[in-house]
Structure formats: structure tokens, C-alpha cells
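Shown next, in C-alpha cells, is the structure this report addresses.
Numbering (the UniProt record's numbering), first residue to last: 1 to 465.
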């Protein structure tokens, strides 16, 4: 009896160590997301310095084009990254993307003219677009299934922290040292992050299995306390589909899920990027002081952080589908309150709720998509959703600019962004409740489950729960 208790205690201790290693994977992806957020937000933070840089004599339109080119690069990168990560591995793609966008930041810091700068922003966007799909897919695999949305939320707050860091560093450094130093800071991941990723970031066990590297996959499952992967890709997919994930996406059961998901990404990112771009100017048009207008983005980001975590927890408990619907509803309500030009305290409270409803919803969609699809198509679908969603991200700022250029009353800016927020829940309800691929047991056809130990103990614990 005592020997059995000692053995159970040993297994529990080993399982705890394995789960801590899995949490470390989430932290590494959070750090990647933070630098991704810094590199994306830094352009907006240095816009005043770019406009004041006399050798380039840039107009507001040209600076806006630079930002749009980065988003266009992200669109292409997101579409390509899903296929590349599923074909060549998520670890390689993540490390390569970090090196790529860091090098592009250093190149921007040395750009001799605005034309070269624009090209470099587009090239950097290719890597920035490739980071999130691969990171989300990796976290979805290593996170415990019952906490998958929570760990997805933890990883995604890195982007918001990176954006806040870019804003604060701009306040401290921009006017003394110029915009080039801000881009040099974006080169630091090559020295401080890439070596850590090479040593500590694991490769996807699902990817290893699909490539026939079963011993490596078995070792990864044991080390990180993961069950033997449950997705049915070996039974339901041909060899060609396993190598080329795009082929399996044309199945009807995938199409009926992908189309409404991608459409929800589109309206969600249109809302998020439209607000982030035009909020300070909308506030100034509404008569709020400049200080309040500048603080507005910080409040929106804080709302996003709170929204990401709370909505992720609710999604684990109630399911992501109803949570996305309610969050879009919160966004509609908060935008309506903002359209009334309320007193400043109420305005900021509504703005905080808008951050929860707009930014938080998008992150829940990431986790929802990762949970719906098997490992051999997960990265591809995420890349597709984020890629097409970037079209909405590009259109959102243009819609806000069009409304302002029309000289319409200020409340019409909020009405315009209420439209995608209202469409969101209607579209997400079209997603079938049943996932495209459901596991039937915990061994794959043609493979052997892991040896008894940490991996097996983790499986038994989850099954019992």
C-alpha cells in the first residue's frame, strides 16, 4: 500500500514538472507575441517623428501608406504561414519569423529614403503575419484541453504588452533620439529571444507524428505531460492530405466551418483596427481635450488585456461560441454609449468595455479556431482566417477616414464601427456546433501510444476529469 502511494506521488510530481514545462511554452510564445506587438505598434508611435523628419518631408498620406504596406505584408504572411508551419514545423517558422522581422526593423532604422523604408515595412509585415498563426497553433497543442482558451489568452496578451511598451518608449525616447532608435530596439530579439527559442521551444508533437518521427513525438508527449495526440488525421486523411493540408480543407465539413469563421475574423479585425487608428482623432472631433484623446488608446489596450483574460476563462467554462456573441454585443453597446458623447468618466468606462468587446473577441476566435481543427490543418486555417481578416484590418481605418472626410457628425464614426460589431454574432452563429474532426480514442492508427509514465498519467487524469 505504501509502495503504491509512493508511486502515485512520484507520478504526480513528474506530471507537475511536465505541466510547468508546458506553461513555459506558453510564456515563450507570449514573448514572441510581445515583440510582434512592439513591431506592429511602433509605427503609430513614431508617426509624429516621421512627419517632422525634414530630410524625408513626408505627408500624412505617405505615412499612412507605410502603415498600410505593413498590414498588406501581414496579410500575405498570415496566408502563407499556416501552410508553411504545417509543412515544415512550427518551431522553425516561429524562429525564422522572429529573425526576419527583427532584421527588417534594423533595416528600417538604416533606411536611406522613404521608398526603401516602405519596402522594408512590407517585408517585415510578411514575418509579422506569420507569427500569430504558428504560435496559437503551438499553444493549442501544449495547453491542457480544459484550459486551452485560458492559455491562448495568456499568450495573446503579449501583443498588448508589446504595444504598450512601444508607446511608453516613444514617450521617453522619441523626441530626444528620433524614430531610428525605436526601430533599432526592434532588433533586440535576435540577441535576447532567438537563442532561448532555439534551446527551449519544442516542436509540435502532432507535426512530428505526421512526418513519421514517432520516437521524437513520444518523447515530447512524455516531457510536456501531453496525451498521445487524439486528432484523427491518420484515419481521415490521405497521405497527400497530410503532406498538403490545403487539400483536406476543401472537404464539405471543413468548408461550412471555415467560411463563417473567416467572415467573423474579417468583421472583428475591421472593428479593432478601425478603432485603434482613428480613436484619438474622433475624440478630438468630439471636443475632448488632447490629453484625453491620447490616453484613449491606453484605456482601449487595458480593456483589451482584461477582455482577453476574462473572455478566455469564460470560453473554457461556457464554450467560445456564446462568449463571442456576448462580447460583440458588449462592443455594440459601448460604441452606442460613446456615440452619445457622455462625460469623460463615462466615456472612458465605455471605451474600456469597447476594448473588452473588440480586442478580446478576436483572441477568443483564435483559440476557437485552433480547437475546432485537427493539427494537420490547424495552422493553415488560422493563417487563412488571419490573412483574410487583415483585409478587414485594412478596410477599417479607411472607413473611419472616409467618415471623417465626409464631415459627418462625430457620432457617425461610432455608428460605422457598430456595423461590423453587430454582424459578428450573426455570422458566428452560422458555425456548426460540431467540430469538423472528432477523436474516437486515444491512439492513432498505425502508431503506438506513449510508454506509461508522465504522458500516460496526464491522459488518465484528463479522462477521469
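Note that beta-carbon positions come from the ideal geometry of N, C-alpha and C, so glycine has one too.
Going by Cα to Cα distance, which pick from the options is closest to residue i?
| i | options | result |
| --- | --- | --- |
| residue 166 | 215, 48, 39 | 39 |
| residue 254 | 149, 374, 50, 112 | 374 |
| residue 91 | 115, 20, 104, 205 | 205 |
| residue 382 | 137, 103, 169 | 137 |
| residue 267 | 385, 173, 403, 122 | 385 |
| residue 472 | 257, 269, 371 | Because the chain in this structure spans residues 1 to 465, residue 472 falls outside the shown range and cannot be described. |
| residue 333 | 343, 321, 351 | 351 |
| residue 331 | 415, 159, 173, 54 | 415 |
| residue 310 | 359, 287, 171 | 359 |
| residue 160 | 301, 48, 432 | 301 |
| residue 104 | 35, 186, 172, 403 | 186 |
| residue 207 | 199, 217, 198, 413 | 217 |
| residue 155 | 392, 118, 23 | 23 |
Where residue i and residue j are concerned, what is the direct C-alpha to C-alpha distance, given to the nearest angstrom?
| i | j | result |
| --- | --- | --- |
| residue 336 | residue 355 | 14 Å |
| residue 120 | residue 27 | 29 Å |
| residue 307 | residue 367 | 14 Å |
| residue 312 | residue 57 | 45 Å |
| residue 236 | residue 50 | Because residue 236 carries a pLDDT of 46, less than 50, the predicted location of this residue cannot be relied on, and the following value inherits that uncertainty. Distance between the alpha carbons of residue 236 and residue 50 is about 53 Å. |
| residue 20 | residue 157 | 19 Å |
| residue 444 | residue 329 | Residue confidence for residue 444 is low, a pLDDT of 39 falling below 50, so the modelled location carries little weight and cannot support an answer. |
| residue 72 | residue 212 | 36 Å |
| residue 424 | residue 76 | 24 Å |
| residue 170 | residue 87 | 39 Å |
| residue 388 | residue 258 | 11 Å |
| residue 252 | residue 369 | 17 Å |
| residue 101 | residue 123 | 8 Å |
| residue 274 | residue 17 | 43 Å |
| residue 283 | residue 214 | 57 Å |
| residue 442 | residue 378 | Confidence at residue 442 is low in this model, with a pLDDT of 41, below 50, so its placement is unreliable and no value can be given for it. |
| residue 231 | residue 225 | Confidence is the limiting factor: at residue 231 the pLDDT is only 46, short of 50, which leaves the residue's position unreliable, though a coordinate-based value still follows. Computed Cα separation, rounded: 17 Å. |
| residue 361 | residue 37 | 17 Å |
| residue 233 | residue 85 | Any answer about residue 233 is weak, because its pLDDT of 46 lies below 50 and its placement is not dependable; what the coordinates show is given next. Spanning the two alpha carbons is a distance of roughly 16 Å. |
| residue 192 | residue 343 | 45 Å |
| residue 74 | residue 220 | 31 Å |
| residue 433 | residue 89 | 29 Å |
| residue 47 | residue 135 | 29 Å |
| residue 153 | residue 286 | 33 Å |
Return the Cβ separation of residue i and residue j in integer angstroms, given the expectation that the two are a contact with Cβ distance under 8 Å.
| i | j | result |
| --- | --- | --- |
| residue 421 | residue 271 | 5 Å |
| residue 299 | residue 348 | 5 Å |
| residue 303 | residue 353 | 7 Å |
| residue 194 | residue 256 | Not confirmed; about 40 Å, so no contact. |
message: Using a Cβ distance threshold of 8 Å, determine whether the segment 71 to 86 contacts the segment 125 to 133, with at least three qualifying pairs required.
response: yes
message: Quick check: the segment 424 to 435 against the segment 321 to 330, are at least 3 beta-carbon pairs closer than 8 Å?
response: yes
task: Decide yes or no for the touch test of the segment 310 to 320 against the segment 147 to 158: beta carbon pairs closer than 8 Å, at least 3 of them.
output: yes
- request: Tell me, please, whether the segment 134 to 141 touches the segment 100 to 117 by the rule of three or more beta-carbon pairs shorter than 8 Å.
  value: no
field: the segment 92 to 99 in contact with the segment 173 to 188 per 3-pair CB rule at 8 Å
entry: no
message: Could you check whether the segment 181 to 196 touches the segment 34 to 50, counting it as contact only if at least three pairs of C-beta atoms, one from each stretch, sit closer than 8 Å?
response: yes
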